[in-house]
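**Student:** Residues in the sequence shown are numbered consecutively from 35, following the numbering used here. Below is the structure I would like to discuss, written out as structure tokens.
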Amino acid sequence: MAEDDDAAYWDPADPDPDPTSALDFFDRDRHLCYLQMMLELLPSAYQGQEINRLTLAYFAVSGLDILGGLDRVDKAGVINWVLSLQAHPKNEAELENGQFYGFHGSRSSQFESSDNEGPIPNGSHLASTYCALAILKTVGYDLSFVDSTSILQSMRSLQQPDGSFMPIHIGAETDLRFVYCAAAICSMLENWNGMDREKAKEYILNCHSYDGGFGLTPGSESHGGATYCAIASLRLMGLIEDDLFSKTGTSCCINVPLLLDWTLQRQGADGGFQGRLNKPSDTCYAFWVGGVLKILGANKLIDKKGLRDFLYTCQSQYGGFGKVPGALPDLYHSYYGFCAFSLLEEPGLASICIELGITDSAVCGF
Ligand code: FPP
Ligand code: ZN
């Protein structure tokens, strides 16, 4: 960090700085400190998110990987902690009992058992399982050592007759987010026995809306996050080819020109991306929507300077990114801010595999 830059940082004498005086460079050093701090000691404001501990760890560990700071992570400690959160069946028969044997989000969120067997951890969740595997890959753990049979075999019972996935065996909303998690899990474990791909494809295409985007469920409003889940899943399943942008008609039953039209229209006059029509621009959609454009091979159509300038206004002087200009940073928006800058080819940042949400080097295992 150059000494001259010091003046641009947060000043205790002016604790509520004017957000319009944002930095106009990607403050990598400050972001590294922010993530390391979050990895070591989460602020109390995150207490209510204890059940999502694995997801928060994924943001911190993979974020450090993007920033080139993986040497700050105690890899063996992280591996042991993540592996300790996997649920295992007591025997093979239990694999057929309808429970999901993946990873649960945190050790301390448990509930009382009725048969005095001690506290039972919260059930395994598809999002926690996706994050667990993403962390393990990022710190270089060989996933062939993971009990993948239990995960994949029990995951099949989460898939619904319409092709969607429930995230947890006791039941919850079923939508494209969990189709994506299931596809990413199969892709990382290099085994597609965990899902019926044809049914999943059918569900995804049923979520394709009249305006070109995808909703989380069939018939629902097109949304940037849902569109990412749809396109990234199809990509992981090998159902859409490279550079779809150059195709003029439909591919895999997707209306590509209409999808491109919807996606490009999410970039606003302020340079940022919104998740859906009539909503303000928000840091995370630079990745969710920008990532879709990248998968389609159309990222050259992004107004890159506009997007960078918008993201600078969301960059916090404490390190990290907030949701909107001037907002306090949070781990979720910070992570997707880093992903967005990687997409924008910020020097010094690792490239990311858009469809898996981790760095290319984590995917390749080096
Ligand atoms: C709307 O929230 C948010 C959604 C409809 C969910 C969007 C889905 C994702 C972000 C993808 C999740 C990805 C994985 C990997 C599981 P809101 O109304 O607060 O947001 P908005 O105002 O920006 O639309
Ligand atoms: Zn957001």
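The C-beta atom is built at its ideal place from N, Cα and C for all residues, glycine as well.
1) Using DSSP with H/G/I as helix, E/B as strand and the rest coil, what is residue 248?
2) Whole alpha helix (DSSP H) runs in the segment 283-349 with 4 or more residues, listed along the chain?
3) With distances taken from CA atoms, which of 383, 290, 158, 344 is nearest residue 120?
4) Rounded to a whole number of angstroms, what is the C-alpha to C-alpha distance between residue 139 and residue 255?
5) Helix, strand or coil for residue 367, going by three-state DSSP, please let me know.
6) Looking only at C-alpha atoms, which of 379, 387, 342 sits nearest to residue 57?
7) Can you tell me whether residue 110 is buried or exposed? The criterion is at least 16 other CB atoms within 10 Å of its CB, across all chains shown.
8) Sorry if obvious, but does the Cβ on residue 320 come closer than 7 Å to a heavy atom of the ligand FPP?
9) Rounded to whole angstroms, what is the Cα-Cα separation between residue 295 and residue 247?
10) Please look up how many angstroms separate the CB atoms of residue 136 and residue 172, rounded, as I've assumed it's under 8 Å.
11) Quick one, are the C-beta atoms of residue 372 and residue 317 less than 8 Å apart?
12) Based on Cα-Cα distance, which residue from 206, 93, 275, 181 lies nearest to residue 125?
13) Counting C-beta neighbours from all protein chains within 10 Å, is the total for residue 37 16 or more, i.e. buried, or is it exposed?
14) Return the CA-CA distance between residue 305 and residue 178, expressed in angstroms with no decimal places.
**Tutor:** This is what the structure gives:
1) Stepping through the sequence shown from its first residue, residue 248 is reached at position 214. Strand at residue 248.
2) 290-298, 317-330, 338-348
3) For the purposes of this step, residue 120 is taken as the residue at position 86 of the sequence shown. The shortest Cα separation from residue 120 among 383, 290, 158, 344 belongs to 158.
4) By 1-based counting over the sequence shown, the position of residue 139 is 105. By 1-based counting over the sequence shown, the position of residue 255 is 221. Cα to Cα, the separation comes out at about 29 Å.
5) On the sequence shown, residue 367 is found 333 positions in, with the first residue counted as 1. It is helical.
6) On the sequence shown, position 23 is the one that residue 57 refers to. Comparing Cα-Cα distances from residue 57 to each of 379, 387, 342, the minimum goes to 342.
7) As a first step, residue 110 must be located in the sequence shown, where it is residue number 76. When all chains shown are included, residue 110 counts as exposed.
8) In the sequence shown, residue 320 corresponds to position 286, counting from 1. No, the ligand FPP has no heavy atom inside 7 Å of this Cβ.
9) Residue 295 sits at position 261 when you count from the first residue of the sequence shown. Residue 247 sits at position 213 when you count from the first residue of the sequence shown. Roughly 9 Å separates the two Cα atoms.
10) Looking up residue 136 in the sequence shown gives position 102. Looking up residue 172 in the sequence shown gives position 138. Contact doesn't hold; Cβ gap of about 18 Å is too wide.
11) As a first step, residue 372 must be located in the sequence shown, where it is residue number 338. As a first step, residue 317 must be located in the sequence shown, where it is residue number 283. No, they are not a contact pair.
12) Taking the first residue of the sequence shown as 1, we reach residue 125 at position 91. It is 181.
13) As a working mapping, residue 37 is identified with position 3 in the sequence shown. Note that residue 37 scores 38 on pLDDT, short of 50, meaning its location in the model is unreliable; the coordinates nonetheless yield the value given after this. Under this definition residue 37 is an exposed residue.
14) Residue numbering aside, residue 305 sits at position 271 when the sequence shown is read from its first letter. Residue numbering aside, residue 178 sits at position 144 when the sequence shown is read from its first letter. Using only the alpha carbons, I get a separation of about 43 Å.
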